[in-house]
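Undergrad: The structure's right below; bear with me while I get my questions together.
Residue numbers (this note's numbering), protein chains in the order written: chain A, 1 to 424; chain B, 425 to 651; chain C, 652 to 987; chain D, 988 to 1185.
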C-alpha cells in the first residue's frame, strides 16, 4: 500500500545497546513486567486490559518504541480527534485514531425531531459542507412523503450546493498547507469562503449553518443581493484560488512533501470505503452525481475527473480540478435556471406513510447518504447518516506505518476530514 | 461579560454583615484592620501590618496596585488565544483571524498551540462529556492570569443539543467563564465584540489580585455528573 | 595595576551591558516586523491599535509574557528546566558581542571573532536539548532531539562556507574582514556559492521556516518550548528573534560589506559621524535580510526532517567542500 | 425528482442466483431490497461483490436499525454497482436478545468503522471483528444510546437506564457483557426513585 521507498530512520535506536544501558543504569526494561499493555498509562488512559486484538497490538510496546498522544486538542487534528501514534524515533509504526470527542448524538436527536426539524439538526454535522448535509435528508424525506420539489427549487439547490463545494475545497488547500507549516494559503482560502458565505447568507439568512433546504423545496427564492454578489464573485473566484495555487502547486518543498506520500491504490480505497475526491484521486471514476444522478445533475454537462497518483498531491490537484468543475456547473445552472415556485405544497407537520428511503449525494468529502425509516408518525423512526470523512479516516492507520510523524499530519489533511461529520 | 456568581453553599448559609456590606457596596470587599497592630516585626518597623486578605495595605499596597493597573492594560492588549476549536464555531473563530476580520489588530493574534503560553481559552463549539475532561485539563494547564470565552449557544447552554445524551449543557458547568458570546455560531464580528468586552473586563479589574484566585465561580468537579 | 587593563575591563563591562540591553529592543523590533510583514502577505492590517501604526504591539506582547505565571511541571527536572532558557538566551546575547555594527562600535574586537562567533552560537543547541529533555513531555523531547540533529548537522556546512571567506580575506577578525571588502569589493562577488550555502544553513541554524523543525507547531505543539510559560518562554522567544537579527548581521558582515555603504565615497568619514553612518547602513542591510526571512516564513511550507538532514549532508556539505577547495586553489595560484 | 424504476434486470439476476430471496424482495424507484437472516450476510455479499454480472464492489453504507424491545435488530447494507442503475439494500435480521452477526471486515476493510459504530450505538456484536470496541462513547460507557429503549433526558425516568443519566463515568471496564441487566447500583437507584413517587 505504501510505496517502496524506504525512509532511513534519522534517530534510529540501537536496541541491544539501549537494553544494555538500561541494565547498567538499573532501569527497568522498556516493556513492563506484566508484559503487554504498557502503552495505556503513557497516553493518559487508566490501566485496563485491552478489549480487542487490535488494541493489544497498538498498545504493546516493543523495545525502543513509545506512544505519542496527539489530541484531542492538537493544532492539526482538524478538531477534536485523538491520534495515538506509536513511534520509533521519528518513524511511525502504528496509528490508532480515537474518535468521539465531538459525538453529539445527532442521529438519536433526529429520531425525536419532526421531519422539518431534522434539517436543522443535520447542519452542524459536516460543518464545512452544510448545504450538502441538508440535501440528502431533503431528498430522502421527499421520497418518503412522495412529493417533488419544483424545478426552480432543484436548480437553486444545485447552485448553493456547488457554491458550498467551492469553498470547502478551497479551505482544504489551506488546511493542507497549514499542516505542513505554510501559514498563508489558509488565509486565501478564507477569503474565498467569506465571499461565498456572505452570498449564501444573503439567500438563507444564516452565515454558517444555513438551514436553507425544506422538504419539498428551499426556504427562499434568490434575491437581488445574492445575485449581485454571485455576479461579482464569479469574476474573482479563480483569482483567489490561483493565489493559493501560486504559493503551493509548483513549490518544490510542497511537492516533495506531497508526491508519493500516503499513496492509496484504487482497489485499497474501495476496500476501505474511501469515496469522493479521495477515491477519484486514486483513479476510480465514482461520483454519485453520475453514478446515481439526483436533483438536476442529469441535465448538466460534466465529466468525472480523476487523477492517477493516489497520493497527497493527487488529492490536492483533484480538489483544484473540482473547484473548476463546480464553477463550470454553476455557470450552466445559472444559464438554465427556470422561473416558478421554490416550494411544493407541504403540510406543516409531515407524516409520511410507513416506508424506507435511501438518498445519497456527493458531498465535498465523498458519498454522504441518508437512510430514513418512517413508521407513519411525525418523526423518522430511524435516521441514519453515512458520513464520508468518518469512513475515509480508516485509511490513515493503513497508510502511515513507515512514515514520519510530520507526514501523519500532512496525509491526514489531504483526506480533509471534518470532525463534526466524523463524530456526528 | 457576565461574571456568573454561584455562592459557596457553606458560606451562603450564614450571610454575615461583612457579606451584606459586600453586596451593598457592589463587590468591593471591606478592608478590616485587625485590632492589634504590628504583629509582624518587620512590617511594624514601617508602621504597617498584615492585610487581612493576605496582601499589604498602607504604603506597600500602593506600589503593586499601581503597577497592576499598567500590567492589566498591557494584558488587555495582548490576549493570546489557545488554538483550540471544538466544532463548528472553530471555523468562525479561525475566520476572525483572517484577512476580513483580522483580530490581530487588537493584539489577539498569535494563536498559541500550547496551553502554557495562552491567555484566553475560547471554547468554540459543542463540549461533549468525553471532551470535558481534556478541556478542563487544558484550562488548568494555562498559566494565570487567564480568561475563558464561551463561544456559541452549545457552549453557553447546550443549545440545540440540549437533550443529547453526550453533551455538556454549558461549559460553565466545568470551568469558570468570563464572557459568553451567543450565536449559532456567532459571526466573527460577534466574537471580536466579545473579545473587546473581555478587554474591558481585564482593564476594569484594576489589579485586584484576589480575582486571580477566586473568580466567584464555584468550581464543579467534572469527573462526576457534569450535566 | 595597569591602567590600560583597567580601562579595558571597564570598556568590556560597559560593552557587554549595552549588548545585553540591546537584545531586548532588537527582539521587539524583529517581532514587530514579523507581525506586520506576515500580515501584509496575508492581506491583513496586522496590529494597529497600540501606538502609531501599532508599532508597540510587540513590546506589549513581551511585557505581557514577562508578567505571566511561571509554571514548572511537577515531573520536570527543575534545575535544568530553569537553566535552559538562560543557556539559549545567553548563547544569542554572547554571540552579539562580536557583531561589527560600525567602525568603533564593536563590543569586543576579537582577532578570532569569526571562530568565537561559531563557537558561541553552537551553545544554543545545548539549551534546546536540555529544554526538551527537562520538560518531561514527548513533544518537547522530540523537538529537542530534532534541534540537536538539525543544528549540529547544519553547523558543518555553515562553518565550512565561511572558511572560504576567511581564506580569501586572510583574517578572522570581522573589522579587518570588512576593511578587506572595502578594498576588494563585497565578498558577494568573490564567494557567491558560499553565500548561498551560508544563507540556507543559517536559516536552518536559527530554526526559521522552511527549516523550523524544532518548533513545528503543526506536529510537535511547540517543540522544546511546549511546557514553558511566562518569562522562561519569553526568553526562548526573544532568543529566537535575536538569533535572526544576529544571523542577518553576520551574513551582511561576511558577504555584503557590513557597515559599508553600497558606494565608496562617504566611507572616508571617520570619528563619531562615521560610526553613525556605519550603524545606519548596518541596520538597513540587516533589516532587509530579516524581512526576507520573514517573507519566507509567510510563503514556504516546512520541509520534513529527513529531507532536512539529507540536504545538509548530501548537498550543502559537498558543495561547501568543493567551494573551499576551489577557493584555496585560487588563492594559491593567483596569490590573492 | 426521483428516477424511474430501473431495477428489472437486477431483480431477474438476483432471483436467478438466489431463488429463495423472492420472499423478502421489494423494489423502490431506485432501490432493490432483499431481506435475509443475519448468518447469511457474508456468503450473500461475497457473491454480490465477486460475481462479474452483479459486481457490487462498493459498500456504500452499513447501518443498524432497532425495531423495538420486543422485535429484532436489522443490519442494513447498501451496495453500489456500476452495472446496475439501482442501489441494492440488504437487510440482515439479528436476534435482539442475543445480537450476533458475522463480520464483513474480511470482504471490505472499510466495514470496520461501520461495525464499531453499530456496536457502540446498538450493541450488536460482529463475530470475527478484530477491533470491536467503542468508537464514539468512552470505553467505560455502559448503555447503547441508539436502542429504542434508551430514552433522552426528558423521558429518562422511563428509560432502561432507570433515570440515571447516561454519562461517562468509570464503573466497570467489562464491555463483553451485553445483556440489558442493570448494575446493582442502578437498580438501587431505580428502586429509590420508584419509592419516592407517590
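The beta-carbon is built from N, C-alpha and C at its ideal position, and this holds for glycine as well.
(1) Let me know if residue 701/C comes out buried or exposed under the rule of 16 or more other beta-carbons within 10 Å of its beta-carbon.
(2) State yes or no: is the beta carbon of residue 944/C nearer than 8 Å to at least one beta carbon in chain B?
(3) Measure the alpha-carbon distance for residue 233/A versus residue 543/B and round it to whole angstroms.
(4) If you count every other CB in all the chains shown that lies within 10 Å of the CB of residue 1057/D, and 16 or more means buried, which is it?
(5) Please determine, among 621/B, 577/B, 540/B, the residue with the shortest C-alpha to C-alpha distance to residue 568/B.
(6) Name the two residues that bound the continuous beta strand (DSSP E) containing residue 1082/D.
(7) For a contact meaning CB atoms closer than 7 Å, what does residue 530/B contact in chain A?
(8) Look at the alpha carbon of residue 271/A and the alpha carbon of residue 907/C, and state the distance between them as a whole number of angstroms.
(9) Is residue 572/B near residue 549/B, with beta carbons less than 8 Å apart?
(10) Hey, does residue 108/A have any beta-carbon neighbour from chain B nearer than 8 Å?
(11) Verify whether the separation of the beta carbon atoms of residue 216/A and residue 142/A is less than 8 Å.
(12) With a cut-off of 8 Å, does the C-beta of residue 845/C fall near any C-beta of chain B?
(13) On the three-pair Cβ rule with 8 Å, is the region 1054–1070 of chain D touching the region 1034–1043 of chain D?
(14) So the alpha helix (DSSP H) residue 515/B belongs to, where does it begin and stop?
(15) Since residue 184/A meets chain C, which of its residues come closer than 7 Å, beta carbon to beta carbon?
(16) Determine, for residue 589/B, whether the minimum Cβ-Cβ distance to residues of chain A falls below 8 Å.
(17) Based on the DSSP secondary-structure assignment, which residues constitute the bridge partners of residue 361/A?
(18) If distances are taken between C-alpha atoms only, which option among 164/A, 71/A, 54/A comes closest to residue 538/B?
(19) Assess contact between the region 405–416 of chain A and the region 861–877 of chain C, defined as three or more Cβ pairs (one per stretch) separated by less than 8 Å. Is contact present?
(20) Check each candidate in 397/A, 411/A, 386/A and name the one with the smallest Cα separation from residue 1102/D.
(21) In this structure, what does DSSP give as the bridge partners for residue 1018/D?
(22) Would DSSP call residue 865/C helix, strand or coil?
(23) Name the chain B residues whose beta carbon is nearer than 7 Å to that of residue 1125/D?
(24) From residue 672/C to residue 824/C, what distance separates their C-alpha atoms?
(25) Given that a residue counts as buried once 16 or more other Cβ atoms are within 10 Å of its Cβ, and exposed if not, what is residue 531/B?
(26) Grab me the residues of residue 210/A's own chain with a C-beta within less than 8 Å of its C-beta, minus the 5 sequence neighbours each way, in chain order.
(27) Output, in chain order, the set of chain B residues within a Cβ distance shorter than 7 Å of residue 698/C.
(28) Is the Cβ of residue 1132/D closer than 8 Å to any Cβ of chain B?
(29) Run through the DSSP bridge pairs and tell me what residue 1187/D is partnered with.
(30) Contact between the region 354–362 of chain A and the region 371–380 of chain A is defined here as three or more beta-carbon pairs at a separation below 8 Å; is this criterion met?
(31) Keeping to the same chain, check which residues put their C-beta closer than 6 Å to that of residue 898/C; ignore five residues upstream and five downstream.
(32) Scan the region 556–584 of chain B and note each continuous beta strand (DSSP E) run of 3 residues or more that stays entirely inside, going in chain order.
(33) Buried or exposed: where does residue 62/A fall if 16 or more other Cβ atoms within 10 Å of its Cβ makes it buried?
(34) For chain B, find out if any of its Cβ atoms is closer than 8 Å to the Cβ of residue 375/A; answer yes or no.
(35) Count the CB pairs spanning the region 881–899 of chain C and the region 741–761 of chain C that are closer than 8 Å, and state whether there are at least three.
(36) Taking the alpha carbon of residue 736/C as the reference point, which residue from 704/C, 750/C, 777/C, 909/C has its own alpha carbon closest?
TA: By the coordinates alone:
(1) For this step, residue 701/C is matched to residue 50 along the third chain. Residue 701/C comes out buried.
(2) Start at 1 with the first residue of the third chain, and residue 944/C comes out as number 293. No, residue 944/C does not count as interfacial toward chain B.
(3) Counting from one through the first chain, the residue named residue 233/A turns up at place 233. Counting from one through the second chain, the residue named residue 543/B turns up at place 119. The straight-line gap from Cα to Cα measures roughly 38 Å.
(4) By 1-based counting over the fourth chain, the position of residue 1057/D is 70. Burial call: exposed.
(5) The sequence position of residue 568/B within the second chain is 144, counting from 1. Comparing Cα-Cα distances from residue 568/B to each of 621/B, 577/B, 540/B, the minimum goes to 540/B.
(6) Locating residue 1082/D in the fourth chain gives position 95, counting from the first residue. Where residue 1082/D is concerned, the enclosing beta strand (DSSP E) stretches over 1074–1082.
(7) Numbered from 1 along the second chain, position 106 holds the residue referred to as residue 530/B. Per Cβ cutoff of 7 Å: no residues; residue 530/B is ~18 Å from chain A at best.
(8) By 1-based counting over the first chain, the position of residue 271/A is 271. By 1-based counting over the third chain, the position of residue 907/C is 256. So the two alpha carbons sit approximately 59 Å from each other.
(9) Taking the second chain and counting its residues from 1, the one referred to as residue 572/B is at position 148. Taking the second chain and counting its residues from 1, the one referred to as residue 549/B is at position 125. No, the pair does not count as a contact, with Cβ atoms beyond the cut-off.
(10) Within the first chain, residue 108/A is the residue found at index 108, counting from 1. Closer than 8 Å: yes.
(11) Walking along the first chain from the start, residue 216/A turns up at place 216. Walking along the first chain from the start, residue 142/A turns up at place 142. Yes. Within cutoff.
(12) For the purposes of this step, residue 845/C is identified with residue 194 of the third chain, where counting begins at 1. Residue 845/C is outside the set of residues whose beta carbon lies under 8 Å from a beta carbon in chain B.
(13) yes
(14) If you number the second chain from 1, residue 515/B lands on position 91. Segment 512–520, the alpha helix (DSSP H) holding residue 515/B.
(15) Taking the first chain and counting its residues from 1, one reaches residue 184/A at position 184. Residues of chain C whose Cβ lies closer than 7 Å to the Cβ of residue 184/A are, in chain order, 692, 693, 949, 950.
(16) In the second chain, the residue the question calls residue 589/B occupies position 165. Closer than 8 Å to some Cβ of chain A, the Cβ of residue 589/B qualifies, so yes.
(17) Translated into the one-based positions of the first chain, residue 361/A becomes position 361. In the DSSP output, where bridge partners are listed per residue, residue 361/A has 368/A.
(18) Along the second chain, one-based indexing puts residue 538/B at 114. Checking every option, the nearest Cα to that of residue 538/B belongs to 71/A.
(19) Between the region 405–416 of chain A and the region 861–877 of chain C, the count of Cβ pairs shorter than 8 Å is three or higher; the stretches touch.
(20) Numbered from 1 along the fourth chain, position 115 holds the residue referred to as residue 1102/D. Among 397/A, 411/A, 386/A, the Cα nearest to that of residue 1102/D belongs to 386/A.
(21) Within the fourth chain, numbered from 1, the residue matching residue 1018/D stands at position 31. For residue 1018/D, which the question treats as bridged, DSSP gives the partners 1074/D.
(22) Stepping through the third chain from its first residue, residue 865/C is reached at position 214. Assigned with DSSP and collapsed to three states, residue 865/C falls in coil, not helix or strand.
(23) Here residue 1125/D refers to the residue found at position 138 of the fourth chain. Neighbours of residue 1125/D in chain B, taken as residues at a C-beta separation under 7 Å, are given in chain order as 554.
(24) For this step, residue 672/C is matched to residue 21 along the third chain. For this step, residue 824/C is matched to residue 173 along the third chain. Straight through space, the alpha carbons of residue 824/C and residue 672/C are spaced by roughly 24 Å.
(25) If you number the second chain from 1, residue 531/B lands on position 107. Buried, since its Cβ has 16 or more Cβ neighbours within 10 Å.
(26) On the first chain, residue 210/A is found 210 positions in, with the first residue counted as 1. Answer for residue 210/A: 123, 130, 131, 134, 160, 200, 201, 204, listed in chain order.
(27) Counting from 1 along the third chain, the entry for residue 698/C is found at position 47. The contacting residues are 528, 529, 531.
(28) Against the fourth chain, residue 1132/D aligns to sequence position 145. Residue 1132/D counts as touching chain B.
(29) As displayed, chain D neither begins before 988 nor continues past 1185, which places residue 1187/D out of reach and without an answer.
(30) Segments in contact, yes.
(31) Along the third chain, one-based indexing puts residue 898/C at 247. Excluding sequence neighbours, residue 898/C sits near 853, 857.
(32) 571–575
(33) In the first chain, the residue the question calls residue 62/A occupies position 62. Counting Cβ neighbours within 10 Å, residue 62/A comes out exposed, since fewer than 16 surround it.
(34) Within the first chain, numbered from 1, the residue matching residue 375/A stands at position 375. Chain B contact via Cβ: absent.
(35) Short answer: they touch.
(36) Counted from its first residue, the third chain places residue 736/C at position 85. Comparing C-alpha distances from residue 736/C to each of 704/C, 750/C, 777/C, 909/C shows the shortest one belongs to 777/C.
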